[in-house]
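K.L.:
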Amino acid sequence: MSIFSKHMELANSPDKNHRQKSDLLMGNSFIRELLDGTEQGDFLGLDLGGTNFRVVRVSFKDGQAETTTQYYTLLESVLCGPVAGVFDFIAESLADFVDRYSLKNSRKNIPLGFTFSFPSSQVSINQSVILHWTKTLRCPDGIGDDPVALLEAAIARKAKDLPVDIVAVMSDTVSTLMAGNYLDRNCRIGLILGTGCNAAFVEHISEIDKWTGDDKDPQHVIVNVELGSFGDSGCLDEFRTEYERELDKYSNHPASFTFEKSCAGMYLGEFVRLVLTRLIREGVLFGGKGEKLTEGRWKFTTSHVTSIESDQGNSTTKTMEVLEKFDLATTATAKDIAIVREVVEVSSRRGAFWIATLMAVLVNHVALPEVTIAIDGSLFEKHPKYHDSMMEILSKFCSKSKVKLILAKDGSGQGGAFGAVSALRQAARDLRSA
Ligand code: GLC
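340 is the number that the UniProt record's numbering gives to position 340 of the sequence shown; each next residue is one higher, with no gaps.
#1: P140 and L25 - do their beta-carbons sit closer together than 9 angstroms?
#2: How many Å lie between L407 and I339 at the Cα?
#3: Less than 8 angstroms between the CB of A264 and some heavy atom of the ligand GLC, yes or no?
#4: Taking only the alpha-carbon atoms, compute the straight-line gap between residue 449 and K402 and give it to the nearest angstrom.
#5: Run through DSSP, which three-state label would I31 get?
#6: Return the chain-ordered list of same chain residues with a C-beta closer than 7 angstroms to the C-beta of S93, the five sequence neighbours on each side being excluded.
#7: Any chance the stretch 408 to 428 sits against the stretch 370 to 388, with 3 or more Cβ pairs inside 8 angstroms?
#8: Taking only heavy atoms of the ligand GLC into account, decide whether any of them is closer than 8 angstroms to the Cβ of N224.
#9: Do S120 and the ligand GLC come close, with the Cβ less than 8 angstroms from some heavy atom?
#10: Tell me the DSSP bridge mates of I308?
#11: Rounded to the nearest angstrom, what separates E246 and F230 at their Cα positions?
#12: Does T357 come out as helix, strand or coil in the three-state DSSP assignment?
#13: Enumerate in chain order the residues of its own chain whose CB-to-CB distance from H304 is below 7 angstroms, with the five nearest sequence positions on each side excluded.
#14: Compute the Euclidean distance between the alpha carbons of T301 and S347, then round it to the nearest angstrom.
#15: Please return the same chain residues whose Cβ sits closer than 6 angstroms to the Cβ of T306, not counting the five positions on each side in sequence.
#16: Using the three-state DSSP reduction, which class does M391 fall into: helix, strand or coil?
#17: Quick check on the DSSP output: what are the complete beta strand (DSSP E) runs of length 3 or more inside the stretch 181 to 265, in order along the chain?
#18: Whose CA, out of M1, T67, G27, lies closest to the CA of S13?
#19: Residues in its own chain within less than 7 angstroms of M266 by CB, not counting five upstream and five downstream?
#20: Please report the straight-line C-alpha distance between T51 and L379, rounded to a whole angstrom.
#21: Do I355 and L191 have their C-beta atoms closer together than 9 angstroms?
#22: Going by DSSP in three states, N52 sits in which element: helix, strand or coil?
#23: Which residue's Cα is closest to the Cα of F87: N109, H132, L137, T69?
#24: Consult DSSP for V403 and reduce its assignment to one of helix, strand or coil.
#25: Could you check if K135 belongs to the surroundings of the ligand GLC, using beta carbon to heavy atom distance under 8 angstroms?
#26: Does R32 have its Cβ less than 9 angstroms from a Cβ in chain C?
#27: What is the rounded straight-line gap between the Cα of V167 and the Cα of F271?
#28: Over what stretch of residues does the alpha helix (DSSP H) that includes L112 continue unbroken?
#29: Would E309 be called buried (16 or more neighbouring beta carbons within 10 Å of its own) or exposed?
#30: Can you tell which of A200, G85, A153, D217 has the C-alpha that lies nearest to the C-alpha of E33?
#31: Could you give the C-beta distance for F201 and V223, rounded to a whole number, given that I count them as a contact under 8 angstroms?
#32: Nearest-angstrom Cα distance between F397 and A360?
#33: Secondary structure at I375, three-state DSSP: helix, strand or coil?
#34: Return the Cβ separation of S389 and F353 in integer angstroms, given the expectation that the two are a contact with Cβ distance under 8 angstroms.
#35: How many Å lie between S233 and R350 at the Cα?
#36: What span of residues does the alpha helix (DSSP H) with V3 cover, start to end?
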């Protein structure tokens, strides 16, 4: 907790040399307005996170937000090809959505918020600069580009005359926070526990030493922490295990995103596989057999972990289903099964403790009597014990706040449309958005 606080402070400094020493971004999202239930009309959200791409329409009417979502799957070849290919795919999917829901006949352009979940430095509410690729994206180009300009160019190439205005770009943590705050007014933190992991929180402008914007009302802004890269300076080395080091070596982006690789959905399964591999090699598990597992890098996924964790009490049905996939169901003894379950449980708890530790720092920083953390992402949604493990840490270290964790399902896509609402409101109030 203290190392993380120190890095938050450094990232907040007006001195660039101090900021460079921090592993965190603590980026200004330029989003200052949270929704208040009075919104009306149709807004669009796009959500590019790593595995799926989503287009979302939110129709606000009488204090209700009705959401229509369409998923599109990005092919592996697109994920590692030129960045223009990724954005062409987005433009084509958006055109499909507009067609499918007959939005072309709208009398005026529909405001759109783009949830772009890769580290970026925000220049204004609808302009940012891509800093690195993470997770599943491995484009050879795109770093230094603006995702909004890339999207506009792709729309011009592939889907001219789309009736949309891209008015906001934001991190999925920011959009999840907005979606969570719509569900629960005490929500001050948005957290993603999916392929990657990261958080955003509502900060008072007076607390931001590096703030250069205006000080009009509202006197707060959403800050994107970019905590996945925490540890990249080596500050967490003493806590890292041999499994994380090996996992990093074979990951898409080695030597980066240290913290994310300790707990996010893209990595937890591989972490467990590496522990099991060591136990097999030492002859402790499956009588030393299990080639499909020991040789199957990245084949043991986080959905296998959540499945094994779903076995309750003495039931082993789910665990056996997973072992079957690795040709181990007939080899496994009762002791082997118990060991597998324990490895999965300990690794999951460790991940949940890691992230909850950072959340405890944010909750104490927000320092309100009640703080809700809205969480989106399949790891939190599907893991049966993640909530309780996180609460163990939060209850221990956040004695001054009543903390609640809520699932903001698809909040990152829906919140993109919410961000578009904020952008229009801020423009109407002449708040500086750059
Ligand atoms: C990665 C990205 C970050 C995003 C997170 C969750 O950590 O760098 O921007 O918020 O994944 O999707």
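The beta carbon of each residue, even a glycine, is placed where N, CA and C say it ideally should be.
P.N.:
Once the coordinates are examined:
#1: Counting from one through the sequence shown, the residue named residue 25 turns up at place 25. Counting from one through the sequence shown, the residue named residue 140 turns up at place 140. No; because the gap between Cβ atoms is not below 9 angstroms, this pair is not in contact.
#2: Position 407 of the sequence shown, counted from the first residue, corresponds to residue 407. Position 339 of the sequence shown, counted from the first residue, corresponds to residue 339. Roughly 31 angstroms between the two C-alpha positions.
#3: Residue numbering aside, residue 264 sits at position 264 when the sequence shown is read from its first letter. Yes, since a heavy atom of the ligand GLC falls inside the 8 angstroms radius drawn around the Cβ of A264.
#4: Here the chain comprises residues numbered 1 to 434, so residue 449 is not present and cannot be evaluated.
#5: Position 31 of the sequence shown, counting from 1, holds the residue named residue 31. It is coil, neither helix nor strand.
#6: As a working note, residue 93 is residue 93 in the sequence shown. Counting only Cβ-Cβ distances below 7 angstroms, and skipping sequence neighbours, we find F53, V55, Y72.
#7: yes
#8: As a working note, residue 224 is residue 224 in the sequence shown. Yes, the Cβ of N224 comes within 8 angstroms of a heavy atom of the ligand GLC.
#9: Sequence index remark: in the sequence shown, residue 120 carries index 120 (1-based). Under cutoff, so the answer is yes.
#10: Stepping through the sequence shown from its first residue, residue 308 is reached at position 308. Beta-bridge pairing links I308 to no other residue.
#11: The residue labelled residue 246 in the question sits at position 246 within the sequence shown. The residue labelled residue 230 in the question sits at position 230 within the sequence shown. Distance between the alpha carbons of E246 and F230: 18 angstroms.
#12: Locating residue 357 in the sequence shown gives position 357, counting from the first residue. The answer is helix: DSSP assigns T357 an H, G or I state.
#13: Counted from its first residue, the sequence shown places residue 304 at position 304. Hits under 7 angstroms: G269, V322.
#14: Locating residue 301 in the sequence shown gives position 301, counting from the first residue. Locating residue 347 in the sequence shown gives position 347, counting from the first residue. So the alpha carbons of these two residues sit roughly 13 angstroms apart.
#15: Your numbering for residue 306 matches position 306 in the sequence shown. Excluding sequence neighbours, T306 sits near K382, H383.
#16: Working through the sequence shown from its first residue, we reach residue 391 at position 391. Here M391 sits in helix by DSSP.
#17: 187 to 193, 197 to 204, 220 to 224
#18: Start at 1 with the first residue of the sequence shown, and residue 13 comes out as number 13. That would be G27, whose Cα lies nearest to the Cα of S13.
#19: As a first step, residue 266 is located in the sequence shown; it is residue number 266 there, counting from the start. If we look at M266 and ignore the five residues flanking it on each side, its Cβ neighbours are K135, T195, G196.
#20: To locate residue 51, count along the sequence shown from 1; it is residue 51. To locate residue 379, count along the sequence shown from 1; it is residue 379. Going from the Cα of T51 to the Cα of L379 covers about 13 angstroms.
#21: Walking along the sequence shown from the start, residue 355 turns up at place 355. Walking along the sequence shown from the start, residue 191 turns up at place 191. Yes. Within cutoff.
#22: Here residue 52 is taken as the residue at index 52 of the sequence shown, counted from 1. Three-state result, N52: strand.
#23: Taking the sequence shown and counting its residues from 1, the one referred to as residue 87 is at position 87. Comparing Cα-Cα distances from F87 to each of N109, H132, L137, T69, the minimum goes to L137.
#24: Counting from 1 along the sequence shown, the entry for residue 403 is found at position 403. The answer is strand: DSSP assigns V403 an E or B state.
#25: Position 135 of the sequence shown holds residue 135. Yes, the beta carbon of K135 sits closer than 8 angstroms to at least one heavy atom of the ligand GLC.
#26: Given the protein chain composition of this structure (a single chain), no chain C is represented.
#27: Position 167 of the sequence shown, counted from the start, is the residue given in the question as residue 167. Position 271 of the sequence shown, counted from the start, is the residue given in the question as residue 271. Using only the alpha carbons, I get a separation of about 40 angstroms.
#28: Working through the sequence shown from its first residue, we reach residue 112 at position 112. Run containing L112: none in the alpha helix (DSSP H); it sits in the beta strand (DSSP E), 110 to 116.
#29: Position 309 of the sequence shown, counting from 1, holds the residue named residue 309. It is buried - the Cβ of E309 has at least 16 other Cβ atoms within 10 Å.
#30: Residue 33 sits at position 33 when you count from the first residue of the sequence shown. Ranking A200, G85, A153, D217 by Cα distance to E33 puts D217 first.
#31: By one-based count along the sequence shown, residue 201 stands at place 201. By one-based count along the sequence shown, residue 223 stands at place 223. Contact holds; Cβ gap of about 6 angstroms.
#32: Against the sequence shown, residue 397 aligns to sequence position 397. Against the sequence shown, residue 360 aligns to sequence position 360. Roughly 6 angstroms separates the two Cα atoms.
#33: Sequence index remark: in the sequence shown, residue 375 carries index 375 (1-based). Strand.
#34: Position 389 of the sequence shown, counted from the first residue, corresponds to residue 389. Position 353 of the sequence shown, counted from the first residue, corresponds to residue 353. Going by Cβ atoms, the distance from S389 to F353 rounds to 7 angstroms, so yes, they are a contact pair.
#35: One-based indexing of the sequence shown puts residue 233 at position 233. One-based indexing of the sequence shown puts residue 350 at position 350. About 21 angstroms.
#36: Position 3 of the sequence shown holds residue 3. Per the sequence shown, residue 3 should be read as Ile rather than Val. 2 to 11 is the extent of the alpha helix (DSSP H) around I3.
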